[in-house]
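Residue numbers (UniProt numbering): 1 to 215.
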């Protein structure tokens with residue numbers, strides 16, 4: 001059996017990272033410059049706060065709340081265009097596959113972070129420390145999670161534990177910061193669908209939602 005070519009293995013391992021950096025920065029800059037002028041006053045305040053955290057490498061945890069049709073996805077597109085035009089990494093995820101298609105480079109949260117289907121209070125994401133995804137996560141400047149109210153709070157807590165574990169290799173203080181010191185933005189509308197709890201009572205459904213989380 002032939003000996004594996006370590007150089008090729010290394011290149012293959014970086015394919016996920018390379019895909020995250022293959023941006024057309026010129027067109028993204030044009031898109032950003034055109035769309036930032038369309039943000040309303042509230043959107044601009046949120047935009048400025050998130051960009052400030054990313055630019056100054058400070059951790060931040062935000063929830064962008066709004067009814068359907070209030071352009072939460074548009075705000076995400078402006079943020080993504082700004083950061084990706086600067087060759088920064090933005091991880092855009094959503095609870096459902098359909099919603100993820102509306103986000104630039106969107107993926108489902110479960111596929112990106114290998115979140116188990118069965119969740120407990122001690123669950124962690126199934127990302128191996130030698131996985132190519134780990135490098136992407138370490139270098140990511142922003143994680144935007146759409147449809148957050150539909151997601152069980154245990155999924156967020158699993159991601160929180162996982163990111164703290166991953167990011168401690170970058171800085172020891174990250175083990176004590178929410179989501180390992182990453183800038184994380186949750187988006188959604190609590191007037192829409194909440195987490196599905198089979199045969200669950202109203203109280204059980206409320207307790208499973210993000211606003212009942214320790215985060």
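Each residue gets a CB set at the ideal place from its N, CA and C atoms; glycine is no exception.
Hey, how far is the Cα of residue 88 from the Cα of residue 21? Position 88 of the chain shown, counted from the start, is the residue given in the question as residue 88. Position 21 of the chain shown, counted from the start, is the residue given in the question as residue 21. Each residue's Cα considered, the two are about 8 Å apart.
In the structure shown, what three-state DSSP assignment does residue 107 receive? Counting from 1 along the chain shown, the entry for residue 107 is found at position 107. In this structure, residue 107 counts as strand in the three-state DSSP scheme.
Expected contact under 8 Å - CB spacing of residue 144 and residue 193 to nearest Å: Indexing the chain shown from 1 puts residue 144 at position 144. Indexing the chain shown from 1 puts residue 193 at position 193. Wrong, their Cβ atoms sit about 19 Å apart, outside the cutoff.
Please report the straight-line C-alpha distance between residue 25 and residue 214, rounded to a whole angstrom. Position 25 of the chain shown, counted from the first residue, corresponds to residue 25. Position 214 of the chain shown, counted from the first residue, corresponds to residue 214. Residue 25 and residue 214: Cα-Cα distance of roughly 38 Å.
Proximal residues to residue 98 (C-beta, below 6 Å), its chain only, five neighbours per side dropped: Locating residue 98 in the chain shown gives position 98, counting from the first residue. So the list is empty, once near-sequence residues are dropped.
Per the DSSP calculation, residue 146 is bridged to which residue(s)? Locating residue 146 in the chain shown gives position 146, counting from the first residue. DSSP lists 94 as the beta-bridge partner residues of residue 146.
Please classify residue 63: does DSSP put it in a helix, a strand, or coil? Looking up residue 63 in the chain shown gives position 63. The answer is strand: DSSP assigns residue 63 an E or B state.
Label residue 57 either buried or exposed according to how many other C-beta atoms from any shown protein chain fall within 10 Å of its C-beta, with 16 as the threshold for buried. On the chain shown, position 57 is the one that residue 57 refers to. Counting of Cβ neighbours within 10 angstroms places residue 57 among the exposed residues, the total staying below 16.
Which ranges does the alpha helix (DSSP H) cover as unbroken runs of at least 4 residues, wholly within the segment 125 to 197, from first to last along the chain? You should have 132 to 139 and 153 to 167.
Per DSSP, cross-strand counterpart(s) of residue 50: In the chain shown, the residue the question calls residue 50 occupies position 50. The partner list for residue 50 (beta bridge, DSSP) is empty, contrary to what the question assumes.
Residue 166 to residue 94, Cα distance in whole Å? Locating residue 166 in the chain shown gives position 166, counting from the first residue. Locating residue 94 in the chain shown gives position 94, counting from the first residue. For residue 166 and residue 94, the gap between their C-alpha atoms comes out near 21 Å.
Thinking C-alpha only, which one of 152, 48, 46 and 78 is nearest residue 28? Counted from its first residue, the chain shown places residue 28 at position 28. Of the listed residues, the one whose Cα sits closest to residue 28 is 78.
Taking the alpha-carbon of residue 121 as reference, which of 196, 159, 74 and 105 has the nearest alpha-carbon? Start at 1 with the first residue of the chain shown, and residue 121 comes out as number 121. Selected option, being the one with the closest Cα: 159.
Report the residue from 146, 75, 147 and 85 whose alpha carbon sits nearest the alpha carbon of residue 36. Your numbering for residue 36 matches position 36 in the chain shown. Looking at the Cα atoms, 75 is the closest of the given residues.
Which residues in the same chain as residue 178 place their Cβ atom closer than 8 Å to its Cβ, once the five residues preceding and following it in sequence are excluded? The residue you call residue 178 lines up with position 178 of the chain shown. These residues qualify, in order along the chain: 59, 61, 160, 184 and 215.
Which partner residues does residue 89 have in the DSSP bridge list? Working through the chain shown from its first residue, we reach residue 89 at position 89. DSSP, once it has assigned bridges, lists 140 as partnering residue 89.
Mind checking residue 202: buried by the 16 CB within 10 Å criterion, or exposed? Here residue 202 is taken as the residue at index 202 of the chain shown, counted from 1. Exposed, since its Cβ has fewer than 16 Cβ neighbours within 10 Å.
Using the C-alpha atoms, what's the distance from residue 92 back to residue 101? Taking the chain shown and counting its residues from 1, one reaches residue 101 at position 101. Taking the chain shown and counting its residues from 1, one reaches residue 92 at position 92. In a straight line, the C-alpha of residue 101 is about 10 Å away from that of residue 92.
Suppose the cutoff is 6 Å on Cβ atoms and the five residues either side in sequence are ignored; what does the same chain contact list for residue 80 look like? Along the chain shown, one-based indexing puts residue 80 at 80. Cβ neighbours of residue 80 beyond the five flanking positions: 90 and 104.
By DSSP, does residue 39 sit in helix, in strand, or in coil? Counting from one through the chain shown, the residue named residue 39 turns up at place 39. For residue 39, the secondary structure class from DSSP, reduced to helix, strand or coil, is coil.
Where does residue 44 sit, in a helix, a strand or coil, going by DSSP? As a working mapping, residue 44 is identified with position 44 in the chain shown. Look at residue 44 here: in three-state DSSP terms it is helix.
With DSSP collapsed to three states, give me the class of residue 20. The residue given as residue 20 occupies position 20 in the chain shown. Helix at residue 20.
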